[in-house]
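Asks: Numbering (the working numbering), first residue to last: -3 to 253.
Encoded as structure tokens, here's the structure I'll be asking about.
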Amino acid sequence: MVMRLEGHALAIGYRDRLVGRDLDVALAEGEVLALLGPNGGGKTTLLKTLLGLLPPRGGDVHCGERSLTAISIGERARLLAYVPQSHVATFAFPAETVVLMGRTAHGNLFSRPTARDRAVARSAMQQFGIAHLAERPYTMISGGERQLVLLARALAQEPRFVVLDEPTASLDFGNQGKVMREIRALAAAGHGVLFTTHDPNQALRLADRAYLLRDGARIAEGKVDSVLTRQNLEALYGAPIRTLTDGATGESAFLPA
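Next comes the structure, spelled out in structure tokens:
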């Protein structure tokens, strides 16, 4: 049976500030959902609420048939993987060790990595083309390379759902393409993938569905072809948008006017 990660009638925010309310969002295994919206609109707060990192101010989050609050931290780690937008490198662990940290979801912080743990970590690094960084200190690689290490760590968790906050923001053009291909590959392998982006063109090409969020309120949600329109994007960003269409393929792209 296909599992779904769902938020019902969510109110999201912090102890001293409500960010959004009346939000319903769902992600099924095997699909890619793009979350778009301007800065400060609530995207990251919504992600953290769906992951259980922030408690809902109202409503509930379910993973499968169970409320997220009824699922232990260890089991959550086997269900949900999170790749943040940025990460401050503090300790000079080898990159492979950082990826291996994803395997603690299947053991504990104090157990030694098994042969399978190391094989899964190596496979994840190879998938993202960073196997050559295995012995390099995490603090001594570029920001883009650190992002790829975090993506490999998430994959090493072997989760059901992968949640990524602007996964290509710090990557060069070539590595952006690599991550975009891997997002589709994750969905093809049965993972549910939720990612935030500021680029509607990226969402149009990567995602099955899009969710538009502005000032904590849903603007539109549905299949990318019907949701990502000039009118919706102008309402989302409060700015004029140009639509370009390739006469040969019929593919569309959006530009700020």
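By construction, the Cβ of each residue, glycine as well, lies at the ideal position given by its N, Cα and C atoms.
With DSSP collapsed to three states, give me the class of D113.
Replies: Here D113 sits in helix by DSSP.
Asks: Are there 16 or more other CB atoms within 10 angstroms of the CB of D211, so buried, or fewer, so exposed?
Replies: The residue is exposed, with fewer than 16 neighbouring Cβ atoms inside 10 Å.
Asks: Within the continuous beta strand (DSSP E) that includes D168, where are the two ends?
Replies: Counting along the chain, D168 falls outside any beta strand (DSSP E), and DSSP gives it neither H nor E.
Asks: What separation, rounded to the nearest whole angstrom, lies between the Cα atoms of G243 and A249?
Replies: If I take the Cα positions, the gap works out to 12 Å.
Asks: Look up L64 in the DSSP assignment and say whether it is helix, strand or coil.
Replies: Helix, per DSSP.
Asks: Please state if the CB of A199 and the CB of A30 are separated by a distance shorter than 8 Å.
Replies: Yes, the pair counts as a contact, with Cβ atoms nearer than the cut-off.
Asks: Please report the residue range of the beta strand (DSSP E) in which R142 lies.
Replies: Note, R142: premise wrong, no beta strand (DSSP E); alpha helix (DSSP H) at 139 to 152.
Asks: In the DSSP output, what is V207 paired with across the bridge?
Replies: The identity of residue 207 in the sequence shown is Tyr, whereas the question assumes Val. In the DSSP output, where bridge partners are listed per residue, Y207 has L31, E217.
Asks: Pop quiz: A150 and V158 are said to be a contact at Cβ under 8 Å. What is the actual Cβ separation, rounded to whole angstroms?
Replies: Indeed, because the Cβ distance is near 6 Å, the residues count as touching under 8 Å.
Asks: Leaving out five residues before and five after R205 in sequence, what residues of the same chain have Cβ atoms less than 8 Å from its Cβ?
Replies: Only E27, V28, L29, A30, E217, G218, K219, V220, V223 meet the Cβ criterion.
Asks: Measure the Cβ-Cβ separation of F169 and L144 and say whether it is below 8 Å.
Replies: Taking 8 Å as the Cβ cut-off, F169 and L144 do not qualify as a contacting pair.
Asks: Decide if P163 is buried, meaning its Cβ has at least 16 other Cβ atoms within 10 Å, or exposed.
Replies: By the neighbour-count rule (16 or more Cβ atoms within 10 Å), P163 is buried.
Asks: Cβ atoms of G48 and L64: under 8 Å apart, would you say?
Replies: Yes, the Cβ-Cβ distance between L64 and G48 is below 8 Å.
Asks: Where does I237 sit, in a helix, a strand or coil, going by DSSP?
Replies: In this structure, I237 counts as strand in the three-state DSSP scheme.
Asks: Would you mind stating whether M121 and A127 have Cβ atoms separated by less than 8 Å?
Replies: Against a cut-off of 8 Å, the Cβ pair of A127 and M121 comes out as a contact.
Asks: Looking at the secondary structure, which residues open and close the beta strand (DSSP E) in which V189 lies?
Replies: Counting along the chain, the beta strand (DSSP E) containing V189 begins and ends at 188 to 193.
Asks: Compare the C-alpha of H102 against each of E71, V79, R156, R226 and name the closest.
Replies: Measuring from the Cα of H102, the nearest candidate turns out to be E71.
Asks: Please report the straight-line C-alpha distance between I67 and Y134, rounded to a whole angstrom.
Replies: I67 and Y134: Cα-Cα distance of roughly 32 Å.
Asks: I'd like the span of the beta strand (DSSP E) that includes G3, first residue to last.
Replies: Start and end: 0 to 10.
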